[in-house]
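Asker: Order-wise, the sequence lines are chains A and B.
Per the numbering used here, residue 34 is the first one in the first sequence, and the count goes up by one each step.
Per the numbering used here, residue -6 is the first one in the second sequence, and the count goes up by one each step.
Okay, handing you the structure first.
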Amino acid sequence: MNQIFSFDRFKLMFVHELRSNWRLYLSLFGLSLGIYFAIILFSSVAAYNGVNRAFSLGLISYQETFVETTYEEMIFYYIILFIAGCVVGSKLFSGMKNKPSAISTLMLPASQFEKFFVNWLICVPIFLLVFTGGCLIADYLIWAILSVMFPHCMVQPVGFDLIMNDSSFFVKTMYFYLCVQSLYVLGASIWYRRPIVTTTLVCLALIFAAVILDAILAVYLMTDEAVHRMNSFDFYSEDIPLIAICSLLFCFINYAVAYYRFRENEIIQRW
Amino acid sequence: MLTINNLTFRYPYRSKPAVNNVSLEILPGGIYGLLGENGVGKSTLLYLISGLLTPNEGNSMLFGVDTRKREPQTLSDIILVPEEFNLPNISLSEYVKVNAPFYPNFSQEILELCLDEFHLERNLHLGRLSMGQKKKVFIAFAIAANTKLLLMDEPTNGFDIPGKAAFRAIMARTMSEERAVVISTHQVQDINLLLDHVIIMANDGIVLNASVGQILQKLAFKVTINQEEIEQALFAQPSLAGAVIVKENTDGIETDINLESLFQLAVFNRPIVERIFQNK
């Protein structure tokens, strides 16, 4: 029997996780999609109310009743994805939050890798796919609702433009998202209680410290001319392969450290 | 089956070890009672055996594999019933469906037998049970899992009187030659006649580690009003019917074990116990 990974045990573990915690996942996934749906529906109805009134007064033609919402939907898609992704990432080790649940988690006859991998699979790729798919479905649902509510307006679904309008931007943002989420996964492996708040505070403190250090180094070690000549790293202006390599390496390191911490875990926290 | 070698464990930021240089051998087919005062490290020892804590020194080997490695094969051979535990908010049948496949020897028949003994229905929902009922369900599942090693920490805490009787009946009916059970408890009356082996722990290690047979060969337990007997006893405690005494078994007649008196003797008269059982 392979003591690190067995596909049969992995299947059992996956079913166990989904069946035991389906309420948690349903509420997390459902809430993030519900918020997205409510915001987009509310803003679209508000926008179409205005153009509908203008059309009924004869102020604009039928073609002018179309409201472009792609950009707005994209913004909300990314904002909610980042927030929900970090929350879901922080739940990766929710089974370790107290002694009784840590005992149940650690005593389950599967390898630590299988337990980690199943949770990672649900919280990272599956969440991303479900959320993105859900947003596309929500967009078509909103389109159907708007078509019924405003039959005299030109309503069109955003559809795949939500993610493919600017595919390069989408790909780069996804890498950025994975990097941020991996930090929350790592944070969840260190702080079992209030991982979201603690990780956010620590990240903000580190960013603040880096900015201060950067400023001090610039002031004391470099001439004014050198400071002006210095180019800072801009994530979105770099090539996708470079971003992909750097991001995936960063994520891999975070996941590996999180896994190592989980593997060595006990029912007490040593620090 | 389970060999514990010089196990020592200190909780962080505490100088005194919670478990100090414990060595034990647990053999299949026996029910081991783990007794000790509060804070001597009984629960910690069970966690160390389960691999839930990392010892500072020593190890715990189940079939030659260090339990701290938490290998799936080892985990499917151990089940721990802790004092506090979480059950998911699902039905019992769902719980069994998702957990039983991890234990290759799980027996639905034994589960139903245990549920019947505890007077629990089979279609119950785990989210709607009292703490005592949850414990009964968890114990029923743990016994039905048929693991080689079953560890229980205060299993009868929170049980009503019929529940305690049912627990004893279940343990007696489901015990097998391939399985070892370790029960850590303060409720010695609940397991008095169940045990095959008694382990009494103190802060600095094991005070007594002997089978019930060995104990009864060397010690006799009785209730007496004979003043001379009471004065000569190794341990005596007044009771309504006279005094419960523990004395050396010089006439070779085996009595019933009285765990409470044995425990008191071992804790408060340790040198005598160590002399009789030749620990030192």
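Beta carbons: idealized from backbone N, C-alpha and C, even for Gly.
The structure displayed is predicted, hence computed values, not measured ones.
(1) Counting only Cβ pairs nearer than 8 angstroms, list the residues of chain A close to B/V174.
(2) From the beta carbon of A/S215, is the nearest beta carbon of chain B less than 8 angstroms away?
(3) Could you name the residues of the segment 185 to 200 of chain A whose beta carbon sits closer than 7 angstroms to any beta carbon of chain B, in the order they occur along the chain?
(4) Count the other C-beta atoms from every protein chain shown that fall within 10 angstroms of the C-beta of B/G26, then say buried if there are 16 or more, exposed otherwise.
(5) Residues of chain B with CB under 8 angstroms from A/A143, in chain order?
(6) Compare the beta carbon distance of B/E110 and B/A162 with 8 angstroms and say whether it is the shorter of the two.
(7) Between B/L104 and B/T149, what straight-line distance do the alpha-carbon atoms span, to the nearest angstrom?
(8) Closest to A/F146 by CA distance: which of A/Q36, A/C279 and A/D272 is it?
(9) Residues in the segment 33 to 47 of chain B with C-beta within 8 angstroms of chain A's C-beta atoms, listed in sequence order?
(10) Roughly how many angstroms separate the alpha carbons of B/S123 and A/S137, rounded to a whole number?
(11) Is it true that the CB of B/M164 sits closer than 8 angstroms to the CB of B/I250?
(12) Along the segment 133 to 160 of chain B, where does the CB come closer than 8 angstroms to a CB of chain A? Name the residues.
(13) Name the chain B residues whose beta carbon is nearer than 8 angstroms to that of A/P133?
(14) Could you say which of B/D244, B/L227, B/P231 and B/K215 lies nearest to B/I265 if we only look at CA atoms?
(15) So, does the CB of B/K273 fall closer than 8 angstroms to a CB anywhere in chain A?
(16) Check distances from the C-beta atoms of the segment 42 to 62 of chain A to those of chain B and list, in chain order, the residues that come in under 8 angstroms.
(17) Roughly how many whole angstroms lie between the Cα atoms of A/C186 and A/I170?
(18) For the beta strand (DSSP E) containing B/A234, list its first residue and its last residue.
(19) To which residues of the same chain is B/N14 closer than 6 angstroms at the C-beta, ignoring the five residues directly before and after it?
(20) Would you mind stating whether B/C107 and B/I71 have Cβ atoms separated by less than 8 angstroms?
(21) Can you tell me the Cα-Cα spacing of B/K62 and B/G44, whole angstroms?
(22) If we ignore side chains and look at the alpha-carbon of each, how far apart do A/S123 and A/V230 end up?
(23) Going by CA-CA distance only, name the one from A/Y293, A/R52, A/D272 and A/I72 that's closest to A/F202.
(24) Return the first residue and the last residue of the beta strand (DSSP E) that B/Y25 is part of.
(25) Roughly how many whole angstroms lie between the Cα atoms of B/M145 and B/V74?
Answerer: On the basis of the supplied data:
(1) In chain order: nothing, as chain A lies at least about 16 angstroms away.
(2) It does not: the Cβ of A/S215 has no partner Cβ on chain B nearer than 8 angstroms.
(3) So the list is empty, because no residue satisfies the distance condition.
(4) The residue is buried, with at least 16 neighbouring Cβ atoms inside 10 Å.
(5) Against chain B, the beta carbon of A/A143 has neighbours under 8 angstroms at P65, L68 and F95, listed in chain order.
(6) A contact, by the Cβ cut-off of 8 angstroms.
(7) About 18 angstroms.
(8) Of all alpha-carbon atoms in A/Q36, A/C279 and A/D272, the one lying nearest the alpha-carbon of A/F146 is that of A/Q36.
(9) Within the segment 33 to 47 of chain B, the qualifying residues are Y40, S43, G44, L45, L46 and T47.
(10) Taking C-alpha positions only, B/S123 is separated from A/S137 by approximately 19 angstroms.
(11) Result no, Cβ atoms of B/I250 and B/M164 do not sit closer than 8 angstroms.
(12) Here the close residues number zero.
(13) P75, E77, F78 and N79, listed in chain order.
(14) Nearest option by C-alpha distance: B/L227.
(15) Only weak support exists for where B/K273 lies, its pLDDT of 46 falling under 50; the value from the coordinates is given anyway. Answer no: the Cβ-Cβ gap between B/K273 and chain A never drops below 8 angstroms.
(16) Residues R42, L45, V48, H49, R52, S53, N54 and R56.
(17) For A/C186 and A/I170, the distance between alpha carbons rounds to 21 angstroms.
(18) Boundaries cannot be given for B/A234, as no beta strand (DSSP E) includes it and DSSP labels it neither H nor E.
(19) Shown here for B/N14: same chain residues with a beta carbon closer than 6 angstroms to its own, the five before and five after excluded, namely N(-1), T1 and G198 in chain order.
(20) In this structure, B/C107 sits away from B/I71, with a CB-CB distance that is not shorter than 8 angstroms.
(21) About 7 angstroms.
(22) Going from the Cα of A/S123 to the Cα of A/V230 covers about 10 angstroms.
(23) Measuring C-alpha to C-alpha distances from A/F202 to each of A/Y293, A/R52, A/D272 and A/I72 identifies A/D272 as the nearest.
(24) That run of the beta strand (DSSP E) goes I24 to G29.
(25) The C-alpha of B/V74 is placed about 5 angstroms away from the C-alpha of B/M145.
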